[in-house]
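In my numbering, the protein residues as written are 964 to 1049.
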């Protein structure tokens, strides 16, 4: 894997894991809007904490993916997953 592919893979993993981390610890506003009853966005979203957790989670998942790609354990070039020769 070259550096460009590694960065693209990390960004994709980071973006996906952001949506995994966002709902954790989110509490709705205690009092809804009297006119509409809508609670809106959370009172304390703690976005910096969630961005940090997303970065750590994405780094761990990226490391696992890099290890699998760099090893011959899963390979599309040889082994039982390889395409048939022409």
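For every residue, glycine included, the Cβ atom is placed at its ideal position computed from N, Cα and C.
Might you give, ordered along the chain, the residues of its own chain that have their beta carbon closer than 7 Å to the beta carbon of residue i, omitting 5 neighbours on each side?
{"i": "residue 997", "result": "none"}
Let me make sure I understand the geometry here. Which of the options has the alpha-carbon closest to that of residue i?
{"i": "residue 971", "options": "1037, 1036, 1028, 1048", "result": "1028"}
{"i": "residue 964", "options": "989, 991, 1013, 1026", "result": "1026"}
Going straight from the alpha carbon of residue i to that of residue j, what length do you get?
{"i": "residue 1045", "j": "residue 1035", "result": "11 Å"}
{"i": "residue 979", "j": "residue 973", "result": "10 Å"}
{"i": "residue 1006", "j": "residue 1022", "result": "29 Å"}
{"i": "residue 933", "j": "residue 981", "result": "The first residue shown for the chain is 964 and the last is 1049, placing residue 933 beyond what the model contains."}
{"i": "residue 983", "j": "residue 1004", "result": "17 Å"}
Considering residue i, what are the terminal residues of the alpha helix (DSSP H) in which it resides?
{"i": "residue 980", "result": "966 to 984"}
{"i": "residue 1011", "result": "1010 to 1033"}
Is any non-hydrogen atom of the ligand HEM found closer than 7 Å to the C-beta of residue i, if you look at the structure I gave you?
{"i": "residue 976", "result": "The ligand HEM is not among the ligands present in this structure, which contains no ligands whatsoever."}
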